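Structure record follows, encoded as structure tokens.
Numbering (our numbering), first residue to last: -9 to 238.
Below, the structure is given as structure tokens:
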């Protein structure tokens, strides 16, 4: 028997999904509904379901965050994201993070069962030992922070707030901060400053911009703060580095 956990805060949608599976009592068992992303994580870890159908717009902890946490702890659990049309691109991108499938509301019973059966066949044909090689949960989370690192590199001159960055991957700021530090071994702020200083070094060596212009191009609105961060990372002031470069 296949155990199904439905995480859905809209009762009409939950009942539709629940009743669909209850028509096949010998094949599916439906757990109690998870009303928040946090509930979904707790229930998944407690009951270890075969399948989680996760609404993307969940309170407390959104569906993508909850799915990634579940996938990390239970890599063999099938996770199907259930999404409204406005979130379609969000869900499609989530599958690129190695979640299993997405459903576009309202999905027909035929479509849901066809998608689920495809996921079950794929799971049966893939040995648990190959999870890491196929891009398991650890790879999933690494993939999730790559767009953040790329966004930082492409927007060094802009205001790179944690909220702005979290919106790029649809995570909460606190979860992104934790995940980035865990996978990169440094805080997001340290990474931003590191890349800004690396870029400023290149400008000091290979451009005629003055120090204030370089600071601005690297996202520093305060020249004193720029000097302080620059010396912290390089051991020299911007003026000292430029003089050394010109004396070479």
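In this text, a Cβ means the ideal position worked out from N, Cα and C, and glycines have one as well.
Since the structure is predicted, the reported quantities are computational estimates derived from the model, not experimental observations.
- Restricting attention to 35, 62, 29 and 44, the CA atom closest to the CA of residue 50 is found in 29.
- From the listed residues 4, 38, 33 and 5, the smallest Cα separation to residue -8 is found for 38.
- Using a Cβ distance threshold of 9 angstroms, residue 150 and residue 159 do not count as a contacting pair.
- By the Cβ-count criterion, residue 154 is exposed, with fewer than 16 other Cβ atoms from all chains shown falling within 10 Å of its own Cβ.
- In the three-state reduction of the DSSP assignment, residue 22 falls in the coil class.
- Inside the stretch 1 to 45, DSSP marks whole alpha helix (DSSP H) runs of 4 or more residues at positions 1 to 12 and 27 to 37, from first to last along the chain.
- The closest CA to that of residue 197, considering only 209, 219, 232 and 164, is found on 232.
- One alpha carbon belongs to residue 3, the other to residue 136, and they sit about 33 angstroms apart.
- For residue 52, DSSP assigns no beta-bridge partner whatsoever.
- Per the coordinates, the alpha-carbon of residue 111 lies some 13 angstroms from the alpha-carbon of residue 40.
- For residue 72, there is no enclosing alpha helix (DSSP H); the residue is found in the beta strand (DSSP E) stretching over 68 to 73.
- A check of alpha carbon separations from residue 71 across 48, 193 and 16 identifies 48 as the nearest.
- Annotation for residue 35: 63 place their beta carbon closer than 7 angstroms to its own, counting only its chain and skipping 5 residues before and after.
- Looking at the DSSP output, residue 92 shares a beta bridge with 71.
- Of the candidates 45, 89, 73 and 33, 89 places its Cα closest to the Cα of residue 58.
- Beyond the five residues adjoining it in sequence on each side, residue 156 comes within less than 7 angstroms, by CB distance, of 162, 163 and 166 in the same chain, given in chain order.
- Residue 12 counts as exposed, since fewer than 16 other beta carbons sit within 10 angstroms of its beta carbon.
- Of 95, 0 and 152, the smallest CA-CA separation from residue 27 is found for 0.
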